[in-house]
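In my numbering, the protein residues as written are 8 to 492.
C-beta: ideal position from N, C-alpha, C; glycine also.
The structure displayed is predicted, hence computed values, not measured ones.
Note sheet for the following structure.
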Amino acid sequence: MQLSEYVKFDGLGLAELVRRREVKAEELVKTTLKAIEALNPRLNAVIGVLEEEARSTLAKGLPEGPFTGVPLLFKDLVLHGAGIPSELGSRLFKGLVFPDDSTLMSRFRRAGLVPLARTNTPELGFNASTEPVLHGPTRNPWNPEFSSGGSSGGSAAAVSAGIVPLAHANDGGGSIRIPASLCGLFGLKPTRGRVPVGPDAAEALNGHGIEHLLSRTVRDSAAMLDFTQGPDVGDPYVIAPPARPYLEEVGREPGRLRIAFSRATITGDVTSPECVAAVEDAARLCGELGHELVEARLPVDGAAFEECLALIWCSGLAAWVYGLAGATGRTPGPDVMEAGNWAAVQKGVSMTAMELQKGLAIMNHIARTVGRFFVNHDALLTPTVPCAPHRLGVLNANAPQTAREWMRKVFSYCAFTAPFNVTGQPAMSVPLHWSARGMPIGVQFVGRWGDEATLFRLAGQLERARPWAHRTPAVHVTNLPGRPG
8 MQLSEYVKFD GLGLAELVRR REVKAEELVK TTLKAIEALN PRLNAVIGVL EEEARSTLAK
68 GLPEGPFTGV PLLFKDLVLH GAGIPSELGS RLFKGLVFPD DSTLMSRFRR AGLVPLARTN
128 TPELGFNAST EPVLHGPTRN PWNPEFSSGG SSGGSAAAVS AGIVPLAHAN DGGGSIRIPA
188 SLCGLFGLKP TRGRVPVGPD AAEALNGHGI EHLLSRTVRD SAAMLDFTQG PDVGDPYVIA
248 PPARPYLEEV GREPGRLRIA FSRATITGDV TSPECVAAVE DAARLCGELG HELVEARLPV
308 DGAAFEECLA LIWCSGLAAW VYGLAGATGR TPGPDVMEAG NWAAVQKGVS MTAMELQKGL
368 AIMNHIARTV GRFFVNHDAL LTPTVPCAPH RLGVLNANAP QTAREWMRKV FSYCAFTAPF
428 NVTGQPAMSV PLHWSARGMP IGVQFVGRWG DEATLFRLAG QLERARPWAH RTPAVHVTNL
488 PGRPG
């Protein structure tokens, strides 16, 4: 299969070709490997190719699923496969291997996906840019001097460049939505508890960490959530299942929604003019589509919000680092960890149980306050990020800095996204705007707790009104010099 043909299809489209026997799964794997070989030296999105794993998966026979035969690139964080390295972007965990599949990896396999490669992530996922010391920076396909975002930056760059139509991602403070915004993709963070993170843990970061993917099309995101959603045995959360398949919602009209919109962060961080323009443009589009737009601001105390993030993240990172370190034989410290993250881990080690309980209490208060706001609004529209795509090196986790300094840098970039990791609500970044320099700038829509259906209906409507999948970056499979495709 030629790359020029391959890139015309989303994940469901490729699976349909396999189902109709117009192409073999082996051909899709070979084509993806060809794309990785051609583009990864320019992007550094993929950090480990798993040809033997893919061959083994194909030899066993693929199950009938919505994505049968589609190659899977997965982020090197939280999700893991039996016998496959899972290094969390850190020198501390170099060579770490889990003996079994995580629940979501098992569901990905049952969906028919073929695990093929690991994608780059910042150390411990604690950065809004993907540039770990262990593997080096991932570059944005729209401009390789710029960041692809974080912490799912490797997956985002691979999808944006056409290497794959979708890739695994997760989100603890914006890590699906931020890379989606910077790379011109669709990225939805599901409701807390919608997709299991076990069996090694009941939840990630006290419920802040959520699993899903990045994709070019809305329908791929919906179809995958249909297959992966629902609790695993022993999960602490059992939330109401959807009324109908999410894939059906994508084609349904959303009706007239009452959409609040805001240009301002709750933390007082400045929003750049380009990101303000993106929200205003999206608000106009929503108005033209018949929705009611109301300017409003979340009634959340910014200082309390940042304290909550610091308490949850520092304690979570410390527990994670020391809980896994024994498996590598290495001792956590500045020689194997980046300076900002090591400072945050040390802060977490010094915390008391009472401080963690305070963080959880703030988290509960914010969730209740924001929940009341959504009683009168169907959705909230904001920028996804407070500033346009930034150059690599701006968010340097390895620069000498205190925990407070590093957290301030990271959390200021997550000012629009992280509040909804605190509340647990579904939120999506939609690629509706491009800057004057041709860089993508996504906008965020947030839904009520458990209401991914409304978001998928709205996303489908926006995708039909202003398509984006045809827009390709400078570094893309269709732009390879000297290659016919």
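- Message: What does the Cβ neighbour count give for Arg379, buried or exposed, with the cut at 16 atoms within 10 Å?
- Response: exposed
- Bridge partner(s) assigned by DSSP for Glu299: Arg265
- Which two residues bound the contiguous alpha helix (DSSP H) that contains Ala310? Per DSSP, the unbroken alpha helix (DSSP H) holding Ala310 starts and ends at Gly309 to Ala332.
- Are Gly400 and Trp149 close, meaning C-beta to C-beta below 8 Å? no
- Message: Taking 7 Å as the limit between beta carbons, can you name the residues of its chain near Gly258, skipping five residues before and five after?
- Response: Gly467
- Message: With distance defined between alpha-carbon atoms, name the residue in Gly191, Val301 and Thr391 nearest to Arg478.
- Response: Gly191
- Query: Straight-line CA distance for Leu387 to Ala434?
  - Reply: 9 Å
- Message: Starting from Lys82, trace the beta strand (DSSP E) in both directions and tell me its first and last residue.
- Response: For Lys82, the enclosing beta strand (DSSP E) begins and ends at Pro78 to Lys82.
- Query: Is it buried or exposed for Gln9, if we count other Cβ within 10 angstroms and need 16 for buried?
  - Reply: exposed
- Task: Grab the span of the beta strand (DSSP E) containing Thr389 for me, first residue to last.
- Result: Ala386 to Pro390
- Taking Arg291 as the reference, which of Ser279, Ala267 and Pro306 has the closest Cα? Ala267
- Task: Determine, using beta carbons only, whether Gly161 and Ile273 come nearer to each other than 8 Å.
- Result: No, the Cβ-Cβ distance between Gly161 and Ile273 is not below 8 Å.
- Buried or exposed (CB count within 10 angstroms, at least 16 for buried), Pro248: Around the CB of Pro248, fewer than 16 other CB atoms lie within 10 Å, so the residue is classed as exposed.
- Query: Does DSSP put Glu58 in a helix, a strand or coil?
  - Reply: helix
- Query: Buried or exposed: which applies to Gly275, given that a residue is buried once 16 or more other Cβ atoms fall within 10 Å of its Cβ?
  - Reply: exposed
- Query: Grouping DSSP H, G and I as helix and E and B as strand, with all else coil, what is His372?
  - Reply: Looking at His372 - three-state DSSP - the assignment turns out to be helix.
- Message: Based on DSSP bridge pairs, tell me the residues matched to Leu220.
- Response: His175
- Check Phe74 in the structure and name its three-state DSSP category. coil
- Beta-carbon gap between His142 and Asn51 smaller than 8 Å: yes
- Message: Please return the same chain residues whose Cβ sits closer than 6 Å to the Cβ of Glu60, not counting the five positions on each side in sequence.
- Response: Excluding sequence positions up to five before and after Glu60, its CB lies within less than 6 Å of the CB of Pro122, all in the same chain and listed in chain order.
- Query: If Asp17 and Arg226 are in contact, beta carbons under 8 Å, what's the gap, nearest whole angstrom?
  - Reply: Between Asp17 and Arg226, the beta carbon gap of about 7 Å places them in contact (Cβ cut-off 8 Å).
- Task: Inspect the beta-carbon positions of Leu519 and Gly156 and report whether they are closer than 8 Å.
- Result: Only positions 8 to 492 of the chain appear in the structure, and residue 519 is not among them; the question remains open.
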